[in-house]
Amino acid sequence: MSKINISGLAKRLVRDGILTEETAVECTAASLEQKIPFVSFIVKERKASAHKVALAAADEFGAPVFDIQAYDMELCPKDLVENGLIQKHRVMPLFKRGNRLFLGVADPTNLLALDEIKFNTGLTTEAIVVEEDKLQTMIDKYLDSQDESMNLEDTDLDNLDLETVQEETPQ
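When the letters of the sequence shown are read in order and numbered with the working numbering, they come out as residues 637 to 807.
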């Protein structure tokens with residue numbers, strides 16, 4: 637196995653004393669092997685608190701931090717970002733101002749997510765750092781609410797009384 641060099645956020649977490657260098661290397665390797673984001677891995681495995689990681693990430697990359705628990709999901713822009721992209725990239729559309737879409741992310745280095753959503757929506761995307769565990773909870777609630785609204789629309793259709801009308805053909 638080749639030696640893994642830590643960089644970016646992992647290096648910042650080591651410098652801040654949140655992770656040891658050994659833990660950072662192990663977590664980087666494991667997250668790559670499991671194909672999950674580094675931030676998701678270290679929070680899920682309880683190697684670092686989501687709050688400390690969010691603060692370090694925001695400071696390192698110059699992005700604002702937002703307490704997503706204080707967010708009213710009713711304000712969330714609906715139907716701008718496909719649910720599949722929200723799940724795939726672990727992002728939460730927070731609000732839209734003009735042609736800018738602000739996305740809650742745990743890892744502001746995930747430029748692929750920002751670019752793909754920018755391409756799909758035609759809007760400029762801006763990252764707002766949120767805590768990983770709270771982000772996942774919010775994404776789950778958002779997707780569940782989307783599913784429920786889809787189910788409600790379907791139930792309305794189930795109760796329709798349809799009649800077949802045969803069209804008369806002119807003779």
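Just so it is clear, CB atoms sit at the ideal spot from N, CA and C, and this is done for glycine as well.
Among the options, the one whose alpha carbon lies nearest that of residue i
| i | options | result |
| --- | --- | --- |
| M709 | V717, P729, L716, A699 | P729 |
| I722 | S685, V701, E767, M774 | M774 |
| R726 | L645, A749, V679 | A749 |
| I678 | E669, T664, K671 | T664 |
| K680 | I704, P700, K770 | K770 |
Coil, strand or helix - residue i by DSSP
| i | result |
| --- | --- |
| L655 | coil |
| M637 | The predicted model places M637 with a pLDDT of 48, which falls under 50 and marks its position as unreliable; any figure quoted below should be read in that light. Looking at M637 - three-state DSSP - the assignment turns out to be coil, as it is neither helix nor strand. |
| F738 | strand |
| V701 | strand |
| T745 | coil |
| V727 | strand |
Cutoff 6 Å; reference residue i; Cβ partners in own chain excluding five residues on either side
| i | result |
| --- | --- |
| F731 | F738 |
Where residue i falls, given that 16 or more other Cβ within 10 Å makes a residue buried
| i | result |
| --- | --- |
| A706 | exposed |
| N746 | buried |
| D743 | buried |
| L645 | buried |
Is there contact between the region 648-658 and the region 688-708, where contact requires at least three CB pairs shorter than 8 Å? yes
Does the count of Cβ pairs from the region 751-764 and the region 729-743 closer than 8 Å reach three? yes
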